[in-house]
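Scroll down for the structure; my scribbles are underneath it.
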DNA sequence: TCCATCCGGGG
DNA sequence: GTGTACGGATGGA
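Residue numbers (the working numbering): 3 to 825.
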């Protein structure tokens with residue numbers, strides 16, 4: 003009996019059954035039951051554009067027959083159709099084959115014929131093709147028509163005769179299970195699943211938490227489950243997965259660690275990790291960055307998703323779980339000496355082991371919460387791009403753009419361009435072009451500064467100047483065309499149609515408009531995480547278009563378009579600079595899309611009027627925005643003498659006293675606290691109080707304190723990361739020398755460790771004077787070293803702007819020292 | 001300064 | 001599997 007069933011598709015794969023490819027779409031029904039929708043009717047195809055008569059070509063293709071060892075490969079069917087290639091109508095043939103794997107074989111034959119213009123869309127994965135062609139958006143409400151069937155699966159199956167998207171309503175609380183393992187790992191042993199067992203495995207879900215371990219550990223009220231061996235631990239893990247039946251399994255670096263590790267250990271005991279909903283085993287794809295896949299259960303590696311998709315805008319120091327969790331959900335892990343786990347395990351240290359169990363569970367719980375935080379972003383990206391969570395969560399931005407475009411191309415009946423050949427790639431790699439314009443500032447301290455910037459400069463250029471491969475150098479005349487641009491350096495000229503809308507440019511316009519609508523909705527519905535994730539996804543996608551155009555692997559690659567985008571960018575920002583000067587503003591600085599104007603005797607209102615005037619003449623959706631008013635700003639000179647002002651290095655203060663710093667040491671790690679503190683304080687005095695005497699007095703006072711040994715040692719600590727193991731260094735810098743000492747003392751130090759040291763006074767090389775912080779007292783530090791290597795470099799450029807020389811900073815009797823330092 | 005390689009995360 | 005990888009830091013030539 004034919005019936006309708008609504009569900010949310012979560013995962014997709016296909017299998018060949020009786021010589022036909024069959025799609026399996028795993029999902030959740032509206033009443034939260036697991037289900038698998040099976041579609042036997044979809045066939046693989048690719049596209050051919052003929053050069054000769056289309057019927058004649060079709061006949062030739064139909065006759066193709068390939069004898070292989072086990073099978074004969076034939077063309078299953080051919081359809082004529084009309085599509086567009088870069089906006090131009092084209093008659094095409096859709097060539098169908100029996101199996102997806104036949105596509106490249108048939109394609110390779112036809113590709114060589116000179117009676118065709120080209121072959122296209124021959125490398126779009128079968129399952130992804132299915133989602134696109136059927137208009138299905140994973141995770142959103144979908145309806146299948148058909149009947150329940152009996153495929154051998156862990157969940158009920160439903161054979162679909164037809165399938166369609168119902169709405170963009172997304173599955174709102176999937177059943178998530180976070181996992182984390184701890185392994186036995188003796189010191190200096192690289193983590194190795196061949197040698198070392200899993201000793202704990204934690205799972206955390208909704209109203210479910212468990213730590214499985216194979217030693218009797220007294221965990222108090224921890225949900226510890228004891229088993230007798232590692233093999234039993236793995237069996238128990240399987241049982242729990244089956245009983246809990248999660249929609250989603252998540253972990254942190256679980257693609258590269260937890261799941262491959264479990265799989266390796268299971269293999270050792272000949273245990274089948276067949277937790278897939280089709281009874282298949284976890285598959286670990288080891289190509290490059292590995293990925294662990296479970297059929298029907300979505301495995302999300304949070305590290306990958308966060309690093310690739312959620313991370314921009316947020317500046318993570320690193321991507322350790324602790325760092326990321328602290329930043330995204332404000333939670334930290336308990337401090338545990340994980341290197342000592344093997345000792346506790348060997349010595350049966352019950353108390354320590356209980357702590358490790360707690361730690362293990364906490365990691366899983368952290369993952370669970372991180373997933374919760376990431377879910378809106380994942381959902382919204384899926385809704386836009388339209389690929390399944392497993393693959394989408396591992397995509398780079400260029401891939402997100404590409405799959406978005408592939409879906410849109412299908413919707414617009416556009417033929418997708420091919421990926422570059424090896425030859426194309428070489429050519430693309432050899433090409434480079436000019437980027438953004440940066441205005442060189444004049445060093446100085448300025449008052450009353452207004453900053454304007456172009457809102458989404460590159461996306462708005464692509465939209466407003468109609469930038470697209472199909473509109474590039476269109477037949478209409480290039481003169482008097484507002485979309486014509488000539489490159490300043492090479493003289494190349496590009497122009498874009500004013501009549502016909504381009505594929506890329508209209509898509510980006512749609513993305514931008516959609517985002518404004520979402521932002522509008524957010525005004526009434528503040529703090530809605532879904533809306534925020536949606537506008538963010540749209541913004542990220544729009545911002546990636548330009549990079550995608552110039553990305554060598556892109557299908558819609560066009561260096562001409564990429565060149566035109568930056569050239570229009572330079573054109574518009576330079577025009578603003580020019581007109582601002584004409585209006586009598588002093589232009590202080592400009593970088594890519596922003597411009598800094600000194601008001602002088604003008605009012606804020608005058609600058610707004612200026613902005614409005616600019617905006618009245620800008621094309622399309624381009625817009626110059628008022629970024630803010632800053633009472634004070636400082637620009638310094640570049641390091642090299644006589645090269646003028648430094649680009650990308652300045653500090654400004656807003657009316658509410660907040661200082662924004664770009665490029666100064668204050669934001670860098672490899673600098674002592676005293677250096678940072680003095681720099682920050684001087685900036686503050688200059689920008690807030692505009693009192694150069696006071697700044698000078700402050701620095702002099704600090705220098706005196708430094709020389710009188712009044713600065714505590716912890717403010718003098720310099721931190722440097724060891725980039726390789728100590729033995730690997732040719733030049734022994736101070737941090738390496740200290741690391742050597744640490745090793746002698748039995749402190750475990752290796753590549754990646756951060757070495758903290760202080761420079762002590764005395765004769766000899768700096769590296770011999772570098773001490774561990776606890777080896778030195780306050781009167782032993784080398785004041786002159788800190789003066790010359792930390793304090794002076796931190797502030798000399800600032801004082802230069804104020805009209806002081808370096809010598810003014812230190813007392814008279816020290817000038818000899820300084821001269822020798824400054825040469 | 002440019003090119004090649006290594007590493008990230010995990011215990 | 002109708003496929004293929006990234007990107008930044010670092011160190012050596």
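Glycine residues also receive a C-beta, built at the ideal position from the N, C-alpha and C atoms.
Under three-state DSSP, which class holds residue 591?
-> strand
Check the C-beta distance from residue 685 over to residue 533 and give it rounded, since I have them as a contact under 8 angstroms.
-> With 8 angstroms as the limit, residue 685 and residue 533 do not qualify as a contact, their Cβ atoms being about 38 angstroms apart.
Which ranges would you report for the alpha helix (DSSP H) in the segment 616 to 698 if only whole runs of at least 4 residues count?
-> 675 to 686
Can you tell me where the beta strand (DSSP E) with residue 98 in it begins and where it stops?
-> 90 to 99
Exposed or buried, which one is residue 805 when buried takes at least 16 other CB atoms within 10 Å?
-> exposed
Near residue 399, which residues of its chain fall below 6 angstroms by C-beta distance, leaving aside the five closest residues on each side in sequence?
-> 546
Nearest-angstrom Cα distance between residue 680 and residue 797?
-> Going by the C-alpha atoms only, they are around 8 angstroms apart.
At which residue ranges does the segment 154 to 228 contain complete beta strand (DSSP E) runs of 3 or more residues, listed in the order of the chain?
-> 159 to 172, 178 to 185, 200 to 207, 210 to 215, 226 to 228
Buried versus exposed, by CB contacts within 10 Å (16 or more), residue 364 = buried
Can you tell which of 759, 746, 774, 787 has its C-alpha closest to the C-alpha of residue 766?
-> 787
Tell me residue 294's beta-bridge partners as DSSP assigns them.
-> 286
Excluding sequence positions up to five away, which residues of its chain have a Cβ less than 8 angstroms from the Cβ of residue 810?
-> 698, 801
So what does residue 416 bridge to, in DSSP terms?
-> Beta bridge pairing from DSSP links residue 416 with 86.
Residues near residue 177 by beta carbon distance below 6 angstroms, same chain, minus five either side = 248, 249
Between the Cα of residue 378 and those of 314, 530, 281, spot the shortest distance and give me the residue it belongs to.
-> 530
Name the residue from 457, 49, 33, 24 whose alpha carbon lies nearest to the alpha carbon of residue 42.
-> 24
Tell me where the beta strand (DSSP E) around residue 151 begins and ends.
-> 142 to 151
Answer with buried or exposed for residue 565, where buried requires no fewer than 16 other C-beta atoms within 10 angstroms of its C-beta.
-> Around the Cβ of residue 565, a 10 Å sphere holds 16 or more other Cβ atoms; the residue is buried.
Of the residues 271, 6, 215, 395, which one's Cα is nearest the Cα of residue 252?
-> 395
Own chain partners of residue 111 with C-beta closer than 8 angstroms, once the 5 adjacent residues on each side are dropped | 66, 68
Starting from residue 301, follow the beta strand (DSSP E) in both directions and report where the run begins and ends.
-> 300 to 303
Segment contact flag, the segment 359 to 373 with the segment 116 to 132, C-beta cutoff 8 angstroms, min 3 pairs | no
Integer Cβ distance of residue 402 from residue 383, believed to fall under 8 angstroms = With 8 angstroms as the limit, residue 402 and residue 383 qualify as a contact, their Cβ atoms being about 7 angstroms apart.
Using beta-carbon positions only, say whether residue 186 and residue 236 come within less than 8 angstroms of one another.
-> no
With distances taken from CA atoms, which of 667, 343, 323, 522 is nearest residue 335?
-> 323
Helix, strand or coil: which one does DSSP assign to residue 464?
-> helix
Report the rounded CA-to-CA distance for residue 422 versus residue 595, giving the unit in angstroms.
-> 31 angstroms
Within the chosen definition, does the segment 621 to 634 reach the segment 461 to 474 through at least 3 CB pairs nearer than 8 angstroms?
-> yes
Cα separation between residue 629 and residue 442?
-> 20 angstroms
Spatial neighbours of residue 819 in its chain, beta-carbon cut-off 7 angstroms, leaving aside the 5 residues before and after | At residue 819, the pLDDT of 44 sits below 50, so the modelled position is not reliable and the matter cannot be decided from this model.
Distance CB(residue 650)-CB(residue 593) smaller than 8 angstroms | yes
Beta carbon of residue 292, beta carbon of residue 427: below 8 angstroms?
-> A distance of 8 angstroms or more separates the beta carbons of residue 292 and residue 427.
Name the DSSP bridge partner or partners of residue 79?
-> 98
Going by DSSP, name the residue or residues bridged to residue 30.
-> 10, 36
Reference residue 2; option with closest CA among 431, 519, 411, 500 = Nothing about residue 2 can be read from this structure; the chain reaches only from 3 to 825.
Taking contact to mean at least 3 C-beta pairs separated by less than 8 angstroms, is the segment 69 to 81 in contact with the segment 125 to 135?
-> Counting Cβ pairs under 8 angstroms, fewer than three are found: no touch.
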